[in-house]
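Q:
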Amino acid sequence: MVRSRSVIAGAAVLAVVAGVGLALPPLSLLVDEAAVPPASALPALPDGAHLAAEGMGCGSGGCWLELTVEAAEGMTGDELARAIVPDDRACAFRGPVDLRRVCTGVIDTDADSTRFFVQYERWVD
Numbered sequence: 559m560v561r562s563r564s565v566i567a568g569a570a571v572l573a574v575v576a577g578v579g580l581a582l583p584p585l586s587l588l589v590d591e592a593a594v595p596p597a598s599a600l601p602a603l604p605d606g607a608h609l610a611a612e613g614m615g616c617g618s619g620g621c622w623l624e625l626t627v628e629a630a631e632g633m634t635g636d637e638l639a640r641a642i643v644p645d646d647r648a649c650a651f652r653g654p655v656d657l658r659r660v661c662t663g664v665i666d667t668d669a670d671s672t673r674f675f676v677q678y679e680r681w682v683d
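Counting from 559, one number per residue, gives the positions in the sequence shown under the numbering used here.
#1: To the nearest angstrom, report how far apart residue 648 and residue 631 are at their CA atoms.
#2: Would residue 651 pass as an interface residue toward chain C - the criterion being a Cβ-Cβ separation below 9 Å?
#3: Counting beta carbon pairs with one atom in the stretch 663–676 and one in the stretch 613–633, are three or more of them shorter than 8 Å?
#4: To which residues does DSSP link residue 620 through a beta bridge?
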């Protein structure tokens, strides 16, 4: 009898810890709208292209990371944009536990560089 009580208590503690662990990522987005993904969330760069500048922007919808990427030799900014984000904007789910997705898009292009944004978005409101 004592043993079954401790098993039930242990299972209850485990359920509470798991529930808190599952709730933290989406709750942190609600609390911290300034959260931005790391620069590594940008899709893979083509050979020869490199990250030239990194900054953060914020607006009424939250914050985003702005990344300026310089194109490889012989590649234009437009070609670079299409190589990294073919449809000008792409979103990928982080996972079933984290109720955010990482969205990447093109801000603008120059002759030999492109500015991208990377931000978290909720996929469940």
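The beta carbon of each residue, even a glycine, is placed where N, CA and C say it ideally should be.
A: For this structure:
#1: Approximately 25 Å between the Cα atoms of the pair.
#2: The displayed structure is made up of one protein chain only, and chain C is not part of it.
#3: Output reads yes: the stretch 663–676 touches the stretch 613–633.
#4: Residue 620 is bridged to 617.
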